[in-house]
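Trainee: These protein sequence lines map, in sequence, to chains A and B. Here the first sequence stands for residues 61 to 361, numbered as in the working numbering. Here the second sequence stands for residues 7 to 104, numbered as in the working numbering.
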Amino acid sequence: MKLRRTMLYVPGNNPNMVKDAHIYRADSVMFDLEDSVSVHEKDAARFLIFRALKCIDYENTETVVRINSLHSPYGEDDLEAMVRARPDVIRLPKTESPEDIMEADEKLGILEKKLGLPKNEIKLFAAIENARGVVNVSRITEASDRLVGVAFGAEDFVTNLHTTRSREGTELFTARQEILLAGRAAGLHVIDSVFADVNDEAGFRREVELIKGMGFDGKSVINPRQVGIVHEIYTPSIEEINHARRVIRAIEAAEEEGSGVATLNGRMVDKPVVERARRTLELAHVSGLYLDEIQEEAAHA
Amino acid sequence: MNLIRTGKAGTLESSDVMITVKGHSENRVEIKLKSIVEKRFGRHIRRQIEDILERMEVNSALVDVDDRGALDCVIQARLETALYRAAGIQSLRWEEIQ
Numbered sequence: 061m062k063l064r065r066t067m068l069y070v071p072g073n074n075p076n077m078v079k080d081a082h083i084y085r086a087d088s089v090m091f092d093l094e095d096s097v098s099v100h101e102k103d104a105a106r107f108l109i110f111r112a113l114k115c116i117d118y119e120n121t122e123t124v125v126r127i128n129s130l131h132s133p134y135g136e137d138d139l140e141a142m143v144r145a146r147p148d149v150i151r152l153p154k155t156e157s158p159e160d161i162m163e164a165d166e167k168l169g170i171l172e173k174k175l176g177l178p179k180n181e182i183k184l185f186a187a188i189e190n191a192r193g194v195v196n197v198s199r200i201t202e203a204s205d206r207l208v209g210v211a212f213g214a215e216d217f218v219t220n221l222h223t224t225r226s227r228e229g230t231e232l233f234t235a236r237q238e239i240l241l242a243g244r245a246a247g248l249h250v251i252d253s254v255f256a257d258v259n260d261e262a263g264f265r266r267e268v269e270l271i272k273g274m275g276f277d278g279k280s281v282i283n284p285r286q287v288g289i290v291h292e293i294y295t296p297s298i299e300e301i302n303h304a305r306r307v308i309r310a311i312e313a314a315e316e317e318g319s320g321v322a323t324l325n326g327r328m329v330d331k332p333v334v335e336r337a338r339r340t341l342e343l344a345h346v347s348g349l350y351l352d353e354i355q356e357e358a359a360h361a
Numbered sequence: 007m008n009l010i011r012t013g014k015a016g017t018l019e020s021s022d023v024m025i026t027v028k029g030h031s032e033n034r035v036e037i038k039l040k041s042i043v044e045k046r047f048g049r050h051i052r053r054q055i056e057d058i059l060e061r062m063e064v065n066s067a068l069v070d071v072d073d074r075g076a077l078d079c080v081i082q083a084r085l086e087t088a089l090y091r092a093a094g095i096q097s098l099r100w101e102e103i104q
């Protein structure tokens, strides 16, 4: 199971943040060549991220680069530089149509071939940041085999919608649902938007709990302080792990008796319940925190 | 690569380096280095800058380097940016950059 609970934004022209991007243990770091870089520094940021990716070992952290739009004066140079630097993923900003993805896919293919790189080595992430993108999202998520995920960009989205972000996130609800459904249907990871107020920890926690409950795989984060909070909320609790183990034991016992359905504490345990339990245990396993306890319990079972 | 104007890149923030390049009046290469790690890495930084200038075929350059503890790859990126700006080149020449 691949984790994308956190994608940490790193401004592309800041060497201090670029060199230490991976030490906060976000699942992915996203070097930004787009909105956080002024038009006068696009060339500098491109050179900096190109060189950083070629010389810094980011260990197991997934490297993502948000390039400028391919329809901007910077996008094509960004794309070629980044293919040569070979990050794991290119994130396309403000994706509005499947054609945006197909165009990037085609250009990536041409560059990979020219440079002798393996086909489809570099993956794509689509960012949905306006109403048009939301309306077209189910076609966007099906547009390329390179796509591994779709991300929601709420700041641009609310601007496009002529509103602002509220504490409750009512204005984002439909967009989040649409993006989540389209991403799930296409088998992609789905990442929620950033939460801009880094000092509002309670508000941030509330939002992470909300989007986890909705089904998102994770969240874009803008400050290293937010990484641990997201991971904590996404890591199954001891109670959830123990419940998942009881579900698995119950269904295994039922299967031994030739049945595909069991009962646990008066509630039916069938295929979807078992699937959720397996996912909980797998998530705990890849999160690493409760591995010992899981093994210990399995030995007693 | 001919430097037709002054090119500048980088900042004076920690882990960065500010590099200014322009053509040299005596048609040679001269590097003025100020670094917080000059005693330990001064020679290394100078050699790195000379190598990049040679690779990019820059034969006349006055290079002013104000280093705040930048990694090699940051120095390289900032010098390449400053050189491209000084040469007025928009499109990237990958055969030189790689």
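All C-beta atoms in this analysis are idealised placements derived from N, C-alpha and C, irrespective of residue type, glycine included.
According to DSSP, is residue 102 of chain B helix, strand or coil?
Mentor: If you number the second sequence from 1, residue 102 of chain B lands on position 96. DSSP places residue 102 of chain B in helix when its eight states are reduced to three.
Trainee: Using 10 angstroms around the beta-carbon of residue 109 of chain A, count the other beta-carbons present and answer buried if the total reaches 16, otherwise exposed.
Mentor: For the purposes of this step, residue 109 of chain A is taken as the residue at position 49 of the first sequence. The residue in question, residue 109 of chain A, is buried, as its Cβ has 16 or more Cβ neighbours within 10 Å.
Trainee: Taking its Cβ as the centre, do 16 or more other Cβ atoms sit within 10 Å of residue 267 of chain A, making it buried, or is it exposed?
Mentor: Here residue 267 of chain A refers to the residue found at position 207 when the first sequence is read from its first residue. Per the 10 Å Cβ criterion, buried.
Trainee: Anything in chain A within Cβ reach of residue 86 of chain B, meaning under 7 Å, just list it in chain order.
Mentor: Numbered from its first residue, the second sequence carries residue 86 of chain B at position 80. By Cβ distance, chain A contributes 107.
Trainee: Applying a beta-carbon distance threshold of less than 8 Å, which residues of chain A neighbour residue 78 of chain B?
Mentor: On the second sequence, residue 78 of chain B is found 72 positions in, with the first residue counted as 1. Correct list: 115.
Trainee: Which two residues bound the contiguous alpha helix (DSSP H) that contains residue 81 of chain B?
Mentor: Translated into positions along the second sequence, residue 81 of chain B becomes position 75. Counting along the chain, the alpha helix (DSSP H) containing residue 81 of chain B begins and ends at 78 to 93.
Trainee: Strictly by DSSP, which residues pair up with residue 66 of chain A?
Mentor: By one-based count along the first sequence, residue 66 of chain A stands at place 6. DSSP lists A:279 as partners of residue 66 of chain A.
Trainee: For residue 361 of chain A, is the classification buried or exposed, using 16 other Cβ atoms within 10 angstroms of its Cβ as the cut-off for buried?
Mentor: Within the first sequence, residue 361 of chain A is the residue found at index 301, counting from 1. In this prediction, residue 361 of chain A scores a pLDDT of 43, lower than 50, which makes its location untrustworthy; no coordinate-derived value is stated.
Trainee: Using 8 Å as the threshold, is the C-beta distance between residue 69 of chain A and residue 92 of chain A below it?
Mentor: For the purposes of this step, residue 69 of chain A is identified with residue 9 of the first sequence, where counting begins at 1. For the purposes of this step, residue 92 of chain A is identified with residue 32 of the first sequence, where counting begins at 1. Yes, these two residues count as a Cβ contact at 8 Å.
Trainee: Whole angstroms is fine: what's the gap from residue 314 of chain A's alpha carbon to residue 306 of chain A's?
Mentor: Here residue 314 of chain A refers to the residue found at position 254 when the first sequence is read from its first residue. Here residue 306 of chain A refers to the residue found at position 246 when the first sequence is read from its first residue. Cα to Cα, residue 314 of chain A sits roughly 12 Å from residue 306 of chain A.
Trainee: Going by beta carbon distance, what residues of the same chain come within less than 8 Å of residue 84 of chain B, once the five residues before and after it are set aside?
Mentor: Sequence index remark: in the second sequence, residue 84 of chain B carries index 78 (1-based). Closer than 8 Å at Cβ, skipping near neighbours: 15, 16, 22, 23, 24, 25, 76.
Trainee: In this structure, what does DSSP give as the bridge partners for residue 35 of chain B?
Mentor: Within the second sequence, numbered from 1, the residue matching residue 35 of chain B stands at position 29. According to DSSP, residue 35 of chain B bridges with B:67.
Trainee: Residue 76 of chain A touches chain B at which residues, Cβ-Cβ below 8 Å?
Mentor: As a working mapping, residue 76 of chain A is identified with position 16 in the first sequence. Those are 19, 20, 21, 22, listed as they occur along chain B.
Trainee: In the DSSP assignment, what residue or residues form a beta bridge with residue 263 of chain A?
Mentor: Position 203 of the first sequence holds residue 263 of chain A. BP columns for residue 263 of chain A are empty, so no partner.
Trainee: Residue 139 of chain A lies in the alpha helix (DSSP H); which residues open and close that run?
Mentor: Mapped onto the first sequence, residue 139 of chain A falls at position 79. Per DSSP, residue 139 of chain A belongs to the alpha helix (DSSP H) from 135 to 145.
Trainee: Work out the CA separation of residue 87 of chain A and residue 120 of chain A for me, nearest whole Å.
Mentor: Position 60 of the first sequence, counted from the start, is the residue given in the question as residue 120 of chain A. Position 27 of the first sequence, counted from the start, is the residue given in the question as residue 87 of chain A. The alpha-carbon atoms of residue 120 of chain A and residue 87 of chain A are separated by roughly 8 Å.
Trainee: Report the three-state DSSP secondary structure of residue 258 of chain A (helix, strand or coil).
Mentor: Here residue 258 of chain A is taken as the residue at index 198 of the first sequence, counted from 1. Looking at residue 258 of chain A - three-state DSSP - the assignment turns out to be coil, as it is neither helix nor strand.
Trainee: Pull up the distance between the alpha-carbon of residue 8 of chain B and that of residue 135 of chain A, whole angstroms please.
Mentor: Sequence index remark: in the second sequence, residue 8 of chain B carries index 2 (1-based). Sequence index remark: in the first sequence, residue 135 of chain A carries index 75 (1-based). The straight-line gap from Cα to Cα measures roughly 26 Å.
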